[in-house]
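In my numbering, the protein residues as written are 41 to 233.
Contents: one structure, followed by commentary.
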Ligand SMILES: NC(=O)c1ccc[n+]([C@@H]2O[C@H](COP(=O)([O-])OP(=O)(O)OC[C@H]3O[C@@H](n4cnc5c(N)ncnc54)[C@H](OP(=O)(O)O)[C@@H]3O)[C@@H](O)[C@H]2O)c1
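In structure tokens:
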């Protein structure tokens, strides 16, 4: 297929490399006048939007009507200048809990795992990740060790604020398991080299 990448940065380069290797034709559009956005978008059968979130509006203006009827793949993450999500999450249940019990050391963990898999930390033979977030390193360490004791692969996801992102992962898991019919024999696993 003819694939247009709006954005020639990390993502545009990586995805286009993989797709070109698979035999697709690729072209780029960005703010360089030598590679105009509209020309690339007009040429592509599928358009990948791979620009920073702050550039989406301008890029979309550049695409204009060229995306009409076409697949437009949004690879962007809606991040603000602090690398926080610009849309959707400015707090979490865990942070609100911490406000209610300021002297406690709140740690978010296990919310992305179905109860059916919480006693083993596994789905079949596959080890699941226990994502752990908290502001107190010692408290977080305790929870990570406990997760490991169960059989999980514990992963430190940073401050309690990360619960803003872990909580939606939990909701997604419920959606996959129940609404989308995959059942509870599923779980997240972070793959590392
Ligand atoms: N990097 C990752 O691992 C990763 C993974 C998943 C998703 N994402 C998301 O994917 C998007 C791209 O990330 P990236 O890492 O590839 O960013 P990047 O390396 O900074 O590249 C951004 C590209 O967008 C172009 N650009 C910026 N503003 C533009 C505009 N208004 N119109 C047209 N082109 C514009 C830039 O080129 P010019 O300056 O020449 O215009 C550049 O080629 C972001 O939304 C990011 O959150 C990133």
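A virtual CB, placed ideally from N, CA and C, is assigned to each residue, including glycine.
**OP:** Would you mind giving the Cβ-Cβ distance between residue 174 and residue 167, rounded to the nearest angstrom? I have them listed as a contact below 8 Å.
**Re:** No, residue 174 and residue 167 are not in contact; Cβ-Cβ is about 22 Å, not under 8 Å.
Original post:
Does the separation of the CB atoms of residue 171 and residue 195 fall below 8 Å?
Top reply: yes
Original post:
Who are residue 194's beta bridge partners in DSSP?
Top reply: 170
Original post:
Can you give the Cα-Cα distance for residue 45 and residue 224, rounded to whole angstroms?
Top reply: 37 Å
Subject >> Reference residue 117; option with closest CA among 92, 134, 135 and 133 >> reply: 92
**OP:** Could you tell me which residues DSSP pairs with residue 42 in its beta bridges?
**Re:** 65
**OP:** Less than 8 Å between the CB atoms is what I'm expecting for residue 221 and residue 154, so what's the real figure, rounded?
**Re:** Contact flag wrong, Cβ pair sits at about 14 Å.
Subject >> For residue 216 and residue 180, the rounded distance between their alpha carbons >> reply: 28 Å
Original post:
In the DSSP assignment, what residue or residues form a beta bridge with residue 162?
Top reply: 167
Original post:
ligand 1 heavy atoms versus the CB of residue 119: any closer than 7 Å?
Top reply: yes
Original post:
Short check: CB of residue 206 to CB of residue 219, under 8 Å?
Top reply: Cβ atoms of residue 206 and residue 219: not closer than 8 Å.
Original post:
Whole-angstrom Cβ separation of residue 43 and residue 70, contact assumed at under 8 Å?
Top reply: So it is not a contact: roughly 15 Å between Cβ atoms.
**OP:** Use the C-beta contact count for residue 121: other C-beta atoms within 10 angstroms, 16 or more gives buried, fewer gives exposed.
**Re:** exposed
**OP:** Pull every residue with its beta-carbon under 6 Å away from any heavy atom of ligand 1, and keep them in chain order.
**Re:** Here the list is 46, 47, 48, 49, 50, 51, 52, 70, 71, 72, 77, 90, 91, 92, 93, 95, 98, 99, 102, 115, 116, 117 and 119.
Original post:
Who does residue 148 pair with in a DSSP beta bridge?
Top reply: 173
Subject >> CA nearest to the CA of residue 111, picked from 95, 87, 105 and 125 >> reply: 87
Subject >> Check whether residue 6 and residue 134 have beta carbons under 8 Å apart >> reply: The structure shown has nothing for residue 6, since the chain only spans 41 to 233.
**OP:** State buried or exposed for residue 169, treating a residue as buried only when at least 16 other CB atoms are found within 10 Å of its CB.
**Re:** Buried: at least 16 other Cβ atoms inside 10 Å.
**OP:** Provide the residue span of the alpha helix (DSSP H) that contains residue 96, from first to last.
**Re:** Note, residue 96: alpha helix (DSSP H), 96-103.
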